[in-house]
Amino acid sequence: MFTVGAIPPLMGWAGCTGSLDAGALVLGVVLYSWQFPHFNALSWNLRPDYSRAGYRMMAVTDPGKQLYFYFSRNVSSLLNIGLSIIGRIWRNTGGFSSAILVISHFECFFLSFMCIGS
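Okay, here's the thing in structure tokens:
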């Protein structure tokens, strides 16, 4: 279920707590849901470089799927808003960090609608 980028933080969690509990699950899902929109956004911005280098990225081979990038970012933002709140309810995160996460993901969610037309 988890991508390679989510494994080191989960290893750290297990090393510090001695188990993989609900907090580790929240951490893993946040990292998993964040990675794909983040990577897609980077590949979209760097598509000329990827194209010149011969990499077959979706941003290069099918640029019409730009709407998919916005959709995946919106789903990720909404999922991470919920996970930030759940993390606070389960007392895995502090109030300040949860507030910052919720605010930043709401901002990303609403800014993505402004980008659809551009």
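Quick note: the sequence shown uses this note's numbering, first residue 28, plus one each step. Ideal placement from N, C-alpha and C gives every residue a C-beta, glycine not left out.
Whole-number beta carbon distance between residue j and residue i, since they are thought to touch under 8 Å
i           : j           : result
residue 129 : residue 108 : 5 Å
residue 51  : residue 37  : 6 Å
Status (buried if at least 16 other CB within 10 Å, exposed otherwise) for residue i
i           : result
residue 69  : exposed
residue 120 : buried
residue 35  : exposed
Cβ-Cβ distance between residue i and residue j below 8 Å
i           : j           : result
residue 54  : residue 40  : yes
residue 110 : residue 136 : no
residue 117 : residue 49  : yes
residue 131 : residue 103 : no
Collapsed DSSP secondary structure at residue i in the structure displayed
i           : result
residue 120 : coil
residue 37  : helix
residue 79  : helix
residue 128 : helix
residue 85  : helix
residue 91  : helix
residue 73  : coil
residue 47  : coil
residue 28  : Bear in mind that the predicted position of residue 28 carries a pLDDT of just 47, short of 50, making it too unreliable to give a figure here.
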